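Visitor: This note's numbering numbers the first residue of the sequence shown as 1 and each following residue consecutively.
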Amino acid sequence: MFSPKKYILLAVLLVAIFGLGVVIGQLGILPFKIIPVGIPGVRFQEEPPETFQIINKESGKPKEIDFSRFWDVWQKVEETYATRKHLDSQKMVYGAIAGMVKSLDDPYTVFFEPQEAKRFEDDSKGSFEGIGAEIGIKKGVLTVIAPLEETPAKRAGLMAGDKILKIADTITADLTIEEAVRLIRGTKGTEVVLTVSRDAWTETKEIKIVRDVIKVPILKLEFKGDLAYLRLYQFTENSSEEFTKAAGTILASPAKGIVLDLRNNPGGYLDKAVDIAGWFLAQGQVVAMEDFGNGQKETFYSAGPAKLAEYKTVILVNQGSASASEILAGALKENRGLKLIGEKTYGKGSVQQLFDFNDGSSLKVTVAKWLTPNGRSISDEGLEADVKVELKAEDLEKNLDPQLDKAIELLKEQITNNK
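#1: Is it right to say Gln403 is buried, meaning 16 or more other beta carbons lie within 10 angstroms of its own, or is it exposed?
#2: Is the beta carbon of Leu262 closer than 7 Å to that of Ala329?
#3: Could you give the distance in angstroms between the alpha-carbon of Arg69 and the alpha-carbon of Gly95?
#4: What do you get for Pro254, buried or exposed, if any count of 16 or more other CB atoms within 10 angstroms of its CB means buried?
#5: If you draw a straight line from the alpha carbon of Ile415 to that of Glu310, how long is it in whole angstroms?
#6: Which word fits Gly293, buried or exposed, when buried means at least 16 other C-beta atoms lie within 10 angstroms of its C-beta?
#7: For Ser103, count neighbouring Cβ atoms within 10 angstroms of its own Cβ and tell me buried if that reaches 16, exposed if not.
#8: State the DSSP-derived secondary structure class of Tyr269, mapped to helix, strand or coil.
#9: If you check the beta carbons only, do Ile145 and Gly320 fall under 7 Å apart?
#10: So is Trp279 buried or exposed if we call it buried at 16+ other beta carbons inside 10 Å?
#11: Suppose contacts are defined by Cβ-Cβ distances below 7 Å. Is Leu221 in contact with Ala180 by that definition?
#12: From Leu232 to Glu334, what distance separates their C-alpha atoms?
#13: Measuring alpha carbon to alpha carbon, tell me which of Phe120, Lys369, Ile209 ends up nearest Gly295.
#14: In the DSSP assignment, find the alpha helix (DSSP H) that holds Lys76 and state where it starts and stops.
#15: From Ala273 to Glu343, what does the alpha carbon distance come to, in whole angstroms?
#16: Measuring CB to CB, does Phe235 end up less than 7 Å from Ala331?
#17: Below 8 Å CB to CB, which residues in the same chain sit around Glu149 once its five sequence neighbours on both sides are set aside?
#18: Go to Thr187, then tell me how far its alpha helix (DSSP H) extends in each direction, as first and last residue.
#19: Output the boundary residues of the alpha helix (DSSP H) element that contains Tyr94.
#20: Can you tell me the Cα-Cα spacing of Leu391 and Ala160, whole angstroms?
#21: Compare the Cα-Cα distances from Phe112 to each of Asp359, Ser302, Gln285 and report the closest residue.
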């Protein structure tokens, strides 16, 4: 049975921002009692966590952390800051927490103040105003992970792998993902200018994008002769139900093979990826493993029903295939030997859990790394395509899709040769 814990495997925050079912793992209450202490507006725990000792507090815990410097700095700011009359103690506390989390140098571990947390939650529901692209930090550079279909970002020509060097006049080198998101998002009808670098270009280009309302689909099913073309856009709360409907349609059709398109799929709920893998894998086959870094591992197994396991299947992937989509692709490749066609995937192999606190703030924290069924980590490296096919900008301009063409070609060969 799947673990009761819900995890998010976000490649990044969405610029749209559209939802990936990230409001999960909610605690609802703080894991300790809080009481006022000597500084107005600041609250501190009555008892420290079991593994820590707060210096100058009564405690006998084994690990010491000296908070005296924090309070020294706090006091100096309150006593000497030029506009100290306007200091917001609660904002200072949130800033200190955010700084602590940022020191981990993990772009996927983030503290949200209440207003940001509410926006993060709202963005997982319904439609939103933005450009319809997902961004992340890859090798220290703000990068486009996946422009969504039929969105301003896609229409403007953004591609997976594009590097965003400037947002309007702001250089992105020192921005967090959340800071970049705030600059790119905006009201429908307004314009944002991105300075973009692409490997195929000799110089950077400015791309102007008019923001719009973004609605994110879950999947698309089409039939091309005796082949079913099934595209998964993301793994959300409703993905399992939508996939079940699509699978029923395929089973009732004369289709002999399936093209599973995971291109520009940034991920989402881990349990939904496991559910969908179950349609292609026998009950008990390993879908993925989580490594918590302390010797503890958790294995996720297919629960079936494996009703699509007999279909010849190929999988389309690209640089925008990340996280949960990489889990699904890796599971099908290693368990059934299915071919990956297209480009190397993004390589987002970490798992985040979201904790909500009773003041409205929240913490999204990396809790594990995930491994393929064979125990291979894809963090930063991604999954290599078995059949490499590049999709160029000129192909998009001409409405061509050589990756899909190759997938159909290979699938037809498999059906003909019964391989």
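Heads up, the beta-carbon is just placed ideally off N, CA and C, and yes, glycines get one too.
Computed from a predicted model, the values in this text were never measured in an experiment.
Guide: The structure says:
#1: Translated into the one-based positions of the sequence shown, residue 403 becomes position 403. Looking at its Cβ environment, which holds 16 or more other Cβ atoms inside 10 Å, Gln403 is buried.
#2: In the sequence shown, the residue the question calls residue 329 occupies position 329. In the sequence shown, the residue the question calls residue 262 occupies position 262. A contact, by the Cβ cut-off of 7 Å.
#3: Locating residue 69 in the sequence shown gives position 69, where the first residue counts as 1. Locating residue 95 in the sequence shown gives position 95, where the first residue counts as 1. Rounded to whole angstroms, Arg69 to Gly95 spans 16 Å at the Cα level.
#4: Taking the first residue of the sequence shown as 1, we reach residue 254 at position 254. The residue is exposed, with fewer than 16 neighbouring Cβ atoms inside 10 Å.
#5: The sequence position of residue 415 within the sequence shown is 415, counting from 1. The sequence position of residue 310 within the sequence shown is 310, counting from 1. So the alpha carbons of these two residues sit roughly 11 Å apart.
#6: Indexing the sequence shown from 1 puts residue 293 at position 293. By the neighbour-count rule (16 or more Cβ atoms within 10 Å), Gly293 is not buried but exposed.
#7: Translated into positions along the sequence shown, residue 103 becomes position 103. Under this definition Ser103 is an exposed residue.
#8: Taking the sequence shown and counting its residues from 1, the one referred to as residue 269 is at position 269. In the structure shown, Tyr269 falls within a strand segment according to DSSP collapsed to helix, strand and coil.
#9: As a working mapping, residue 145 is identified with position 145 in the sequence shown. As a working mapping, residue 320 is identified with position 320 in the sequence shown. Their beta carbons are under 7 Å apart, which means Ile145 touches Gly320 by this criterion.
#10: One-based indexing of the sequence shown puts residue 279 at position 279. The residue in question, Trp279, is buried, as its Cβ has 16 or more Cβ neighbours within 10 Å.
#11: Looking up residue 221 in the sequence shown gives position 221. Looking up residue 180 in the sequence shown gives position 180. No, the Cβ-Cβ distance between Leu221 and Ala180 is not below 7 Å.
#12: Locating residue 232 in the sequence shown gives position 232, counting from the first residue. Locating residue 334 in the sequence shown gives position 334, counting from the first residue. Cα to Cα, Leu232 sits roughly 20 Å from Glu334.
#13: As a first step, residue 295 must be located in the sequence shown, where it is residue number 295. For Gly295, the nearest C-alpha among the options comes from Lys369.
#14: The sequence position of residue 76 within the sequence shown is 76, counting from 1. From DSSP, the alpha helix (DSSP H) with Lys76 extends over 68-80.
#15: The residue given as residue 273 occupies position 273 in the sequence shown. The residue given as residue 343 occupies position 343 in the sequence shown. Roughly 20 Å separates the two Cα atoms.
#16: Position 235 of the sequence shown holds residue 235. Position 331 of the sequence shown holds residue 331. The Cβ atoms of Phe235 and Ala331 do not sit closer than 7 Å to each other.
#17: On the sequence shown, position 149 is the one that residue 149 refers to. Hits under 8 Å: Pro217, Tyr233, Asn264.
#18: Looking up residue 187 in the sequence shown gives position 187. Counting along the chain, Thr187 falls outside any alpha helix (DSSP H), and DSSP gives it neither H nor E.
#19: For the purposes of this step, residue 94 is taken as the residue at position 94 of the sequence shown. Boundaries of the alpha helix (DSSP H) harbouring Tyr94: 89-102, taken from the DSSP string.
#20: Here residue 391 refers to the residue found at position 391 when the sequence shown is read from its first residue. Here residue 160 refers to the residue found at position 160 when the sequence shown is read from its first residue. Rounded to the nearest whole angstrom, the CA to CA distance from Leu391 to Ala160 is 10 Å.
#21: Along the sequence shown, read from residue 1 onward, the residue named residue 112 stands at position 112. Ranking the options by Cα distance to Phe112, first place goes to Asp359.
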